[in-house]
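Novice:
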Amino acid sequence: FLFVMDEVKPPATLMCDACARDDLPTVKSLLEEDKGLLQCMDPSGYTPLHWTALYNCTQCAEFLLDCGADALAKGAHGDTPLHWATAISSEPCLDLILRHLLEKY
Numbered sequence: 001f002l003f004v005m006d007e008v009k010p011p012a013t014l015m016c017d018a019c020a021r022d023d024l025p026t027v028k029s030l031l032e033e034d035k036g037l038l039q040c041m042d043p044s045g046y047t048p049l050h051w052t053a054l055y056n057c058t059q060c061a062e063f064l065l066d067c068g069a070d071a072l073a074k075g076a077h078g079d080t081p082l083h084w085a086t087a088i089s090s091e092p093c094l095d096l097i098l099r100h101l102l103e104k105y
């Protein structure tokens, strides 16, 4: 018999994957276990908020921003979630991020 074990993913990868799918229950559960995941970076060097911006995942984006995620956090190449939302014309996510930044600053 040949058994193929599922790869155990690091928490940061699980968090970013859940954000890219707009899987809010999983995101909440992961953050309850580890608040540090709010600003974690996955192996490619991006935060959960980057992935919500790329895939226009507004539920998770709003939740992360409400929890204090940094909309100006720089990823591996210096780009921010704001850059990603702008680059793909993700209007709902872009609107959330801009409103958050206006309230914050």
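Positions 1 to 105 (UniProt numbering) are the ones given, in order, by the sequence shown.
A virtual CB, placed ideally from N, CA and C, is assigned to each residue, including glycine.
With a CB to CB cut of under 6 Å and the five nearest residues on each side skipped, what residues in its chain are close to L101?
Specialist: By one-based count along the sequence shown, residue 101 stands at place 101. The answer, listed in chain order, is A71.
Novice: Could I get the ranges of all uninterrupted alpha helix (DSSP H) runs contained in the UniProt repeat "ANK" (44 to 76), with 4 residues as the minimum, in chain order?
Specialist: DSSP runs (the alpha helix (DSSP H)) wholly in the UniProt repeat "ANK" (44 to 76): 48 to 54, 58 to 67.
Novice: If I follow the unbroken alpha helix (DSSP H) through T86, where does it start and stop?
Specialist: Working through the sequence shown from its first residue, we reach residue 86 at position 86. Where T86 is concerned, the enclosing alpha helix (DSSP H) stretches over 81 to 87.
Novice: Going by C-alpha to C-alpha distance, which of E103, D23, P10 sits closest to W51?
Specialist: As a working note, residue 51 is residue 51 in the sequence shown. Looking at the Cα atoms, D23 is the closest of the given residues.
Novice: For K74, collect the residues of the same chain with a Cβ closer than 8 Å to its Cβ; drop the 5 residues on either side in sequence, then sort them by chain order.
Specialist: On the sequence shown, position 74 is the one that residue 74 refers to. Here the set comprises T80.
Novice: Alpha carbon to alpha carbon, how far is P11 from E103?
Specialist: Numbered from 1 along the sequence shown, position 11 holds the residue referred to as residue 11. Numbered from 1 along the sequence shown, position 103 holds the residue referred to as residue 103. Going by the C-alpha atoms only, they are around 30 Å apart.
Novice: Can you give me the Cβ contacts of C57 inside the same chain, cut-off strictly under 8 Å, excluding the 5 residues immediately before and after it?
Specialist: Here residue 57 corresponds to residue number 57 of the sequence shown, with the count starting at 1. Only C19, A20, R21, D22, W51, C93 meet the Cβ criterion.
Novice: Just to check my reading of the structure: L30 and L49 have Cβ atoms closer than 8 Å, yes? What is that Cβ distance to the nearest angstrom?
Specialist: For this step, residue 30 is matched to residue 30 along the sequence shown. For this step, residue 49 is matched to residue 49 along the sequence shown. No, L30 and L49 are not in contact; Cβ-Cβ is about 14 Å, not under 8 Å.
Novice: Please check the pair G45 and A69, which I expect to be a contact at CB under 8 Å, by giving their CB distance rounded to whole angstroms.
Specialist: In the sequence shown, the residue the question calls residue 45 occupies position 45. In the sequence shown, the residue the question calls residue 69 occupies position 69. At roughly 16 Å, the Cβ-Cβ gap does not stay under 8 Å, so G45 and A69 are not in contact.
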